[in-house]
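Note that the UniProt record's numbering gives residue 29 to position 29 of the sequence shown, counting from 1, and the numbers run on in steps of one.
The structure appears below as structure tokens.
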Amino acid sequence: MGMRTEATDKWVRGYVGSEAIVDSHDALLFWEERFPVPGYAFPRDDVRTELLQASAGPPTKRSFYTAKGPVSEWYDVVVDGRVIQHAAWVRDDPAVGDRIVLSWEPGVLDRWLEEDEEVIAHPRDPHKRVEALASSRHVEVSLGGTLLADSRSPVLLFETDLPTRYYLPREDVRLDLLVPTANSSVCPYKGLAEDYWSLPGVPGGDNVAWSYAMPFPAVGKIQDRVAFYNELVDISVDGVPQQRPESVFSKAGNRPTD
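If you want it as structure tokens, here you go:
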């Protein structure tokens, strides 16, 4: 199928400190093959190329945020003596090969704006919709034979291309069995999830649950509720066991880790 691209009318800027590394009205959204999260590729004229220097070599390992295919050029960003390694690259693909891609990995560039609104984690996908609906379904969550949650007042979060997530009141979750971790994650549609929990000693139990203390207003109903990875736990809805789904988060490398 190859890489898919789409033009956008958004004004996009990326900063290190107060320095705009990229300022573009001609960003191109692209989707790597078999990867659902989009990136931006920018015309070279819209990037402060004088702040880029060729990297000594490719990164020793790649993360969720780095290129998913061949790269023809790697760059470090250098601002006021600060060297940010492998912060930019050129994909060796004719769809975007004449453009520069900059990393959205936390701790690389400090801030991204679409128009005048800050965006975190990655560009927002124009084809993705996120909706949070209160429900009275009976949801039970277990792992390794241990019941972790039993609720009749979930909030169901529907997100394009991902399994339905069940956000449960904390009083309905066995937090006494779960251990808080230092993990956190960011989502451009929901916000910052600062609370994560593991179920020790059980396969698939690492960072299996999370919560948003201050979600974005569009999904405010999930505030302070606890959700579990459907891909890792056993969920029953109204007495009907749900099959564990396959998603991008089925692979451990695509899940945030502390």
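All C-beta atoms, glycine included, are put in the ideal place defined by N, C-alpha and C.
The alpha carbon of Glu140 has as its nearest neighbour, out of Asp150, Val202, Pro188 and Arg225, the alpha carbon of Asp150.
The alpha-carbon separation between Thr5 and Trp89 amounts to approximately 17 Å. A check of alpha carbon separations from Ala132 across Phe216, Ala7 and Val237 identifies Phe216 as the nearest.
Bridge pairing for Trp74: Trp89 [DSSP].
The beta carbons of Glu115 and Lys10 sit closer together than 9 Å.
Around the Cβ of Arg13, a 10 Å sphere holds 16 or more other Cβ atoms; the residue is buried. Proximity to Arg165 across Leu175, Val173, Pro154 and Asp172 peaks at Pro154, based on C-alpha coordinates.
In the displayed model, Asp23 falls within a strand according to three-state DSSP. Pairwise C-beta distances place the region 80-89 in contact with the region 103-111, as three or more of them are shorter than 8 Å.
Inclusion of Pro169 and Asn230 in the CB contact set at 9 Å is not warranted, their separation being larger than that value. For Asp195, the enclosing beta strand (DSSP E) has its first and last residue at Asp195 to Ser198. For Ile222, the three-state secondary structure derived from DSSP is helix. The region 124-131 makes no contact with the region 191-203; the number of CB pairs closer than 8 Å stays below 3.
Rounded to the nearest angstrom, the Cβ distance from Ala121 to Tyr167 is 19 Å, too far for a contact under 8 Å.
By the neighbour-count definition (other C-beta atoms within 10 Å, threshold 16), Asp224 is an exposed residue.
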